[in-house]
Amino acid sequence: MKTHIYPVDDLKPHTTDSDTCWCNPCVDDELVIHNAMDERETYEQGRKLQ
3 MKTHIYPVDD
13 LKPHTTDSDT
23 CWCNPCVDDE
33 LVIHNAMDER
43 ETYEQGRKLQ
């Protein structure tokens, strides 16, 4: 069973019952990491500074 990591209070709900979701999550053997619709991860990683 894979663990899903998804953003809290995102603008659109994520699908956590499978590896496919509208956000095109990063999937590996154990984790499914979902992306936020508001692109908050780009700010957290320093790629977008506005």
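If you're matching positions, the sequence shown starts at 3 in our numbering and goes up one per residue. For each residue, glycine too, the CB sits at the ideal point set by N, CA and C. Values in this document were obtained by computation on a predicted structure and should not be read as measured data.
Determine the contact status of residue i and residue j, defining contact as a CB-CB distance below 8 Å.
i     : j     : result
HIS16 : CYS25 : yes
Helix, strand or coil: how does DSSP classify residue i here?
i     : result
THR22 : coil
THR17 : coil
Closest to residue i by C-alpha separation, out of the options, would be which residue?
i     : options                       : result
ASP11 : MET3, LYS4, ASN37 and ASP19   : ASN37
GLU41 : MET3, GLU32 and TYR8          : TYR8
TRP5  : GLN47, TYR45, MET39 and ASP31 : It should be pointed out that residue 5 corresponds to Thr in this sequence rather than to Trp. Comparing Cα positions, the closest option is ASP31.
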